[in-house]
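Shown next, in structure tokens, is the structure this report addresses.
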Amino acid sequence: MEKKLRSVLLFYFSLYILMATAVIAYILYTMIHTLLAVRPLTLESTKGLWMLVLVILVQLVLNMSYRLIQKKKQIKQIKQIKQMMKEG
2 MEKKLRSVLL FYFSLYILMA TAVIAYILYT MIHTLLAVRP LTLESTKGLW MLVLVILVQL
62 VLNMSYRLIQ KKKQIKQIKQ IKQMMKEG
């Protein structure tokens, strides 16, 4: 039973990786095609794309800072628990 379950999970994982790769490739293809369709690549013609990139970068920075804050809180809590165990 364990071997069957492992093979089924491996199949679904492989399928997931394949589909994720296909979606990312399609998104990149569409973006490159759109950029090549706009002949003069000026700030005016690519303003929407730059805004999209900026929003994605801001979101990434906010997520990373949130994770760092959570990690610092966890480390602080662990230190407090260890200190309480040493005292108690």
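Count the sequence shown with the numbering used here and you get residues 2 to 89, in order. Glycine included, each C-beta is placed from N, C-alpha and C at the ideal position.
Pick helix, strand or coil for ARG40, following the three-state DSSP scheme.
coil
First through last residue of the alpha helix (DSSP H) which encompasses SER66
48–88
Determine the DSSP secondary structure at GLU45, reduced to helix, strand or coil.
coil
If the criterion is Cβ atoms closer than 8 Å, does the pair LEU36 and LEU42 meet it?
yes
Just confirm the distance between the C-beta atoms of THR47 and VAL39, as a whole number of angstroms; I'd bet it's less than 8 Å.
7 Å
Where does MET32 sit, in a helix, a strand or coil, going by DSSP?
Note: MET32 maps to helix in three-state DSSP.
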